[in-house]
Ligand SMILES: C[S@@+](CC[C@H](N)C(=O)[O-])C[C@H]1O[C@@H](n2cnc3c(N)ncnc32)[C@H](O)[C@@H]1O
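Numbering (my numbering), first residue to last: 7 to 481.
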C-alpha cells in the first residue's frame, strides 16, 4: 500500500483536485488517463512538488483502476444506487474510498479532505451527503480490519469464486470469466493474473537491431543512474526498474524505443519463422540472415509503428507498413524513416495478392492484455465491443492470407487474451482455407513461457502484456 500518510488539510489540496479533474475528464470526455494526466499536472505548474505529483498519480490511476471495488464499498452506505449520484460527487467519493481502502492516508484525513473537495469543486449542497457516505465507508474499512472482501461485502469465495475475484481484484466479472476460460478454469492462476494487472508495469526498452547493441543500451542506463537488466526472452529487451527512458541518448535519437518485451517477442516470432524457399529465418538475436534474398514484409496494422521498427531491423528486403488513421500513420513514418508507410485500410491493402513473404496482423482489439497500462480501460470496455472487433479481426486476417505467396507466413497477434479475439478468429478464418498450416510457436520462441502451439503471454509469468500470437504458413 502506498503512498505515505499525508497531512489533513482544511482546504481541498491541489493534488486531490487534480486527481478529481482526471476522473471527471475520463467520465465526461472519455479521456485516456495516461495521456491526460501529464498535461493536468503540467497545468498545475510549480505549485506541485515531486511528492505531490506521485500522490496525484497514485490517487488518480488507483481510483480509476479500483473503481468497481470502490463502488462496492460506497454502495454499502447508501440507500440509492451509486449510479444515481451526481457524477462529480461520485468521482470525489471514489477518490475518498480509494484512500480509505488502498492507501495509508489516515481515515480521518481521507474523509475530511474529500469533503473539502466536494465543498469546493461541487458545492455546499452535496457536503452532508458526501460526509455521511464516507464516514460509513471508513467505519466499514476499520471494522473489516484489513479484510478487503469483508469491507466490500464481496461474494463468498466458495459459492461464487468469480464474483469474489472480481470484487477483491477490481475487474469486471466478464473479464475474470474470459481470463479463467483461457487459463483452463485455473482460478488460482487467474487470481495471480488479476493481481498482476493491478501493478504498474516496469518500462521495457528495445535495442533496435543494427542501430544499437543491447549492452550499449544497458551501459547508457547505468550512466544515467537507472537500474536496468537485460530482458529474459527477447535478445533486444532491457527492463528498467523505474525512471524516465528519455534520459538515454539511444531512446532520444530513435536507436532504441519503449516497447513491452511481449511485443518484441511477437515481431521476433514472425522474423524467425521460416518462409519456405525464400528469405531464410533470422538467426537468434541477430538481424535476419539472407539479406541478399530480400522479400516483402507487410505490417497490416502498423500504427504507431513499434513492431514495424523492430521488424525493419530484423528482416532484409522491403517493409511496407499500412495504417488507416492519419495521426498514427505519421507516427509510423517517424518510427520507420527508411521504410515505406501507406495510409490504407488493411482489408483492402495496396499490395498484389500472393506477393508477400511475411505479413504481421497486429489487430485492433479490446486491449484486455494491457490493463496494467490503462487504468480506466477495464471499466470502459464491454462484451459488446467484441462483436465489432472480432468481425474486423477476421477480415484483416483473411486479407493478410491473400497477400501471402506460397510458403509465406502470417503472424496474427492481439494484445488481448480473450478467446473470441484470438484462437476463435484464427479457427474461423482457417475454416475457409485448406492451404494454411500452423507453425508451432515453441519452435521459434523456445523456452518462452506461454509459447506452445500459439503464444499466450501473461503478466504474472513473464512480466509482459498478455499478448497472443499465432503463426500461419501458406502451403
Ligand atoms: C494494436 S495496434 C497496432 C500496434 C502496432 N503494430 C505497434 O506495434 O506499434 C492496431 C492498429 O490497427 C489500426 N487499424 C484499425 N483498423 C484498421 C484497419 N481496418 N486496417 C488496418 N489497420 C487498422 C489501428 O489504427 C491501430 O493503429
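Where a beta carbon is used, it is the ideal one built from N, C-alpha and C, also for glycine. Because the structure is a prediction, the values reported are computed rather than measured.
With 16 other Cβ atoms within 10 Å as the buried cut-off, status of residue i
i: residue 248; result: exposed
i: residue 108; result: buried
i: residue 254; result: buried
i: residue 95; result: buried
i: residue 469; result: buried
i: residue 423; result: buried
i: residue 446; result: exposed
i: residue 271; result: buried
i: residue 372; result: buried
i: residue 1; result: Any question about residue 1 goes unanswered here, given that the chain covers just 7 to 481.
i: residue 361; result: exposed
i: residue 347; result: buried
i: residue 420; result: buried
i: residue 151; result: exposed
i: residue 45; result: exposed
CA-to-CA distance, residue j to residue i, given in whole angstroms
i: residue 414; j: residue 282; result: 7 Å
i: residue 131; j: residue 123; result: 13 Å
i: residue 47; j: residue 128; result: 21 Å
i: residue 437; j: residue 69; result: 44 Å
i: residue 354; j: residue 366; result: 15 Å
i: residue 304; j: residue 417; result: 11 Å
i: residue 485; j: residue 391; result: The displayed coordinates of the chain run from 7 to 481. Any statement about residue 485 would go beyond what the structure contains.
i: residue 93; j: residue 31; result: 11 Å
i: residue 412; j: residue 35; result: 48 Å
i: residue 331; j: residue 161; result: 44 Å
i: residue 163; j: residue 350; result: 49 Å
i: residue 335; j: residue 427; result: 24 Å
i: residue 358; j: residue 409; result: 7 Å
i: residue 225; j: residue 216; result: 17 Å
i: residue 194; j: residue 477; result: 29 Å
i: residue 301; j: residue 274; result: 17 Å
i: residue 184; j: residue 425; result: 7 Å
i: residue 171; j: residue 159; result: 12 Å
i: residue 39; j: residue 376; result: 14 Å
i: residue 432; j: residue 474; result: 11 Å
i: residue 369; j: residue 339; result: 19 Å
i: residue 450; j: residue 394; result: 32 Å
i: residue 403; j: residue 311; result: 19 Å
i: residue 50; j: residue 24; result: 8 Å
Paired residues, beta bridge with residue i - DSSP
i: residue 417; result: 366 and 477
i: residue 245; result: 210 and 235
i: residue 410; result: 362
i: residue 348; result: 328
Closer than 7 Å: residue i CB and nearest ligand 2 heavy atom
i: residue 310; result: No copy of ligand 2 occurs in the structure displayed; its ligands are ligand 1 alone.
Of all the beta strand (DSSP E) runs that stay within the bounds of the region 429–479, which reach a length of 3 or more residues?
442–445
Could you give the uninterrupted runs of the alpha helix (DSSP H) lying entirely in the region 250–277, keeping only those of 4 residues or more?
255–258
Output the residue ranges of the beta strand (DSSP E) runs that lie fully inside the region 298–341 and measure 3 residues or longer, sorted by chain position.
302–305 and 324–328
Beta strand (DSSP E) runs contained entirely in the region 152–211, provided each spans 3 or more residues
none
Which ranges does the alpha helix (DSSP H) cover as unbroken runs of at least 4 residues, wholly within the region 37–96, from first to last along the chain?
39–50, 56–71 and 73–82
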